[in-house]
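Number of protein chains: 2
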Amino acid sequence: MARAGVTAERLTLAAADLADEIGFEKVTVSALARRFGVTDASLYFHIKNARDLRVRVAVLALAELADRAAAALAGRAGKDALVAFANAYRDYAKEHRGRYAAMQTELDPETAAASAAGRHSEMTRAILRGYDLPEPAQTDAVRLLHSTFHGYVSLETAGGFRHSGEEEASWSRILDALDTFLRNWPSP
Amino acid sequence: MARAGVTAERLTLAAADLADEIGFEKVTVSALARRFGVTDASLYFHIKNARDLRVRVAVLALAELADRAAAALAGRAGKDALVAFANAYRDYAKEHRGRYAAMQTELDPETAAASAAGRHSEMTRAILRGYDLPEPAQTDAVRLLHSTFHGYVSLETAGGFRHSGEEEASWSRILDALDTFLRNWPSP
DNA sequence: AGTGTTTGCTTAATAGTCCTAAGGAAGCTA
DNA sequence: TAGCTTCCTTAGGACTATTAAGCAAACACT
Chain F
1 MARAGVTAER
11 LTLAAADLAD
21 EIGFEKVTVS
31 ALARRFGVTD
41 ASLYFHIKNA
51 RDLRVRVAVL
61 ALAELADRAA
71 AALAGRAGKD
81 ALVAFANAYR
91 DYAKEHRGRY
101 AAMQTELDPE
111 TAAASAAGRH
121 SEMTRAILRG
131 YDLPEPAQTD
141 AVRLLHSTFH
151 GYVSLETAGG
161 FRHSGEEEAS
171 WSRILDALDT
181 FLRNWPSP
Chain B
1 MARAGVTAER
11 LTLAAADLAD
21 EIGFEKVTVS
31 ALARRFGVTD
41 ASLYFHIKNA
51 RDLRVRVAVL
61 ALAELADRAA
71 AALAGRAGKD
81 ALVAFANAYR
91 DYAKEHRGRY
101 AAMQTELDPE
111 TAAASAAGRH
121 SEMTRAILRG
131 YDLPEPAQTD
141 AVRLLHSTFH
151 GYVSLETAGG
161 FRHSGEEEAS
171 WSRILDALDT
181 FLRNWPSP
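Protein chains in written order, with UniProt numbering: chain F, 1 to 188; chain B, 1 to 188.
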């Protein structure tokens with residue numbers, strides 16, 4: 001028998017693509033094996049188990065998004081940076097629904113620490129540098145931005161907002177509003 | 001054989017409790033059947049399939065949360081209402097992690113319309129009455145509030161915020177900030 | 001080139017889940 | 001009490017996850 005040349009990396013990438021195509025919850029060890037033309041059992045020499053596979057996809061997606069966001073952020077500051085970051089986030093989620101769904105997998109603390117999750121916070125802090133917030137307002141603002149982007153995007157992709165035909169305008173008004181908000185953060 | 005007295009309602013409730021205990025993704029038809037002391041097959045006379053079961057749990061959770069939020073909202077307005085609603089939302093998610101996870105299930109449009117999902121928007125609009133926002137700002141604000149609550153809570157329950165020991169203070173500062181924000185919504 | 005070792009895959013087997021079809025008993029109704 | 005309906009069981013098929021044991025290809029070296 002010929003060798004299929006399977007590696008953990010190629011498996012993860014293929015699983016991520018599969019997730020974008022058929023949905024993250026339908027990504028199964030068997031389905032992935034079929035795509036590689038090998039038996040299910042052979043995948044277990046590369047991944048620990050099904051959970052491990054899903055975690056790898058989540059970590060991959062986190063890293064990809066972090067790269068995109070970093071690129072979007074380069075050379076920008078203030079509202080420009082805020083909008084660029086927010087759009088990178090939202091666009092990634094729209095283009096890669098399966099990967100984005102994977103990102104919502106709960107990671108155990110060690111994995112989370114080793115993943116790109118930390119880069120997201122760093123970048124958010126970088127954006128906030130343009131707004132000059134003192135602690136603890138800065139930490140609160142990091143959370144608020146995370147929450148808002150994640151919340152908005154997950155509601156939008158879930159179809160939570162009935163399509164009013166002006167999705168884009170609403171999104172950009174919300175970004176405007178956040179910008180105004182950050183520039184006038186209430187002092188305690 | 002004695003009859004177990006299974007009904008769709010009792011199944012849904014038991015499934016919801018099971019979700020809170022062992023996690024929503026581990027709620028399986030078999031596990032539920034075991035809890036009722038019947039075989040898997042018998043459950044299919046009450047529910048259509050596994051997906052149907054999960055949707056029922058989601059709808060139940062949406063309704064329960066809507067009830068709680070409505071109760072919290074009664075007789076309050078302005079910031080009081082905002083805080084009461086937000087806390088009802090967050091507390092429910094913390095007390096019922098499985099149910100809250102179920103709420104994130106993507107519902108098809110008809111089911112969503114028939115569920116309590118609409119009540120959530122209504123209540124949010126009711127809160128905003130205290131802030132006197134013109135359209136389309138009001139619609140944007142509804143989305144912003146939804147996004148923020150959902151995003152914050154889901155990040156918090158996923159352990160996304162390292163426990164800094166002052167979670168509560170951060171939450172309440174964010175609510176303060178939202179209140180200020182709503183009172184000073186930027187005009188276009 | 002030939003031998004041995006590692007690596008990558010297969011087959012085989014077990015167990016759990018989802019779901020359907022056919023049958024039997026419990027309880028209601030007349 | 002005969003019959004109908006409702007609720008459950010047994011039986012079984014398809015798919016998924018996972019482990020163990022074996023074989024064959026690739027490599028590593030003498």
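Just so you know, even glycine gets a beta-carbon here, dropped at the ideal spot from N, CA and C.
8 Å CB neighbourhood of residue i in its chain, flanking five on each side removed
i: A72/B; result: A84, F85, N87 and A88
Any chain F beta carbon closer than 9 Å to residue i
i: P186/B; result: yes
i: Q104/B; result: yes
i: L60/B; result: no
i: T180/B; result: yes
i: I174/B; result: yes
i: Y152/B; result: yes
i: L155/B; result: yes
i: M1/B; result: Reliability of the predicted coordinates at M1/B is poor, the pLDDT of 48 falling under 50, and the value obtained from them is presented with this limitation in mind. Taking Cβ atoms only, chain F never reaches closer than 9 Å to M1/B, which makes this a no.
i: A158/B; result: yes
i: E166/B; result: yes
i: F24/B; result: no
i: D140/B; result: yes
Sequence-distant residues of the same chain with beta carbon closer than 7 Å to residue i, five excluded per side
i: A58/B; result: A102, M103, T105 and L107
i: A81/B; result: L73, I127 and G130
i: D179/F; result: K79 and L82
i: S121/F; result: V142
i: D20/B; result: H96, R97, G98 and R99
C-beta contact flag for residue i and residue j at 9 Å
i: L65/F; j: Y131/F; result: no
i: Y100/F; j: T157/F; result: yes
i: L43/B; j: L53/B; result: yes
i: R173/F; j: A137/B; result: yes
i: A112/B; j: L60/B; result: no
C-alpha distance - residue i paired with residue j, whole-angstrom precision
i: M1/B; j: T39/B; result: Confidence in M1/B is poor, its pLDDT being 48 and thus under 50, which makes the residue's placement too unreliable to answer from.
i: R35/F; j: A31/B; result: 31 Å
i: R76/B; j: L175/B; result: 16 Å
i: V142/F; j: T139/B; result: 24 Å
i: S154/F; j: M123/F; result: 20 Å
i: V6/F; j: H46/F; result: 8 Å
i: S170/F; j: A177/F; result: 10 Å
i: A117/B; j: A126/B; result: 15 Å
i: G151/B; j: E167/B; result: 15 Å
i: N184/F; j: S115/F; result: 33 Å
i: I22/F; j: K94/F; result: 14 Å
i: L13/B; j: K79/F; result: 47 Å
i: L144/F; j: T148/B; result: 7 Å
i: F24/B; j: Y92/F; result: 27 Å
i: K48/B; j: A41/B; result: 11 Å
i: L133/F; j: R10/F; result: 43 Å
i: A8/B; j: R68/B; result: 23 Å
i: G37/B; j: A50/F; result: 29 Å
i: R119/B; j: R90/B; result: 17 Å
9 Å Cβ cutoff, residue i in contact with chain B
i: A15/F; result: no
i: S42/F; result: no
i: A8/F; result: no
i: L128/F; result: no
i: P134/F; result: no
i: S170/F; result: yes
i: T124/F; result: no
i: A137/F; result: yes
The ligand MN heavy atom lying under 8 Å from the CB of residue i
i: S30/F; result: As for the ligand MN, it is missing from this structure, which has no ligand bound.
Residues near residue i by beta carbon distance below 6 Å, same chain, minus five either side
i: E110/F; result: none
i: R56/B; result: T12
i: residue 206/B; result: An answer regarding residue 206/B cannot be provided, because it is not within the stretch 1 to 188 covered by chain B.
i: I187/B; result: The question names Ile, but residue 187/B is Ser in the sequence shown. Excluding residues within five positions, none has a Cβ falling inside 6 Å.
Q | Inside the region 122 to 151 of chain F only - beta strand (DSSP E) runs reaching at least 3 residues | A | none
Q | Secondary structure, beta strand (DSSP E): runs of 3+ residues fully inside the UniProt domain "HTH tetR-type" (5 to 65) of chain F | A | none
Q) In chain order, which alpha helix (DSSP H) runs of at least 4 residues are fully inside the region 78 to 121 of chain B? A) 78 to 95, 97 to 103 and 109 to 114
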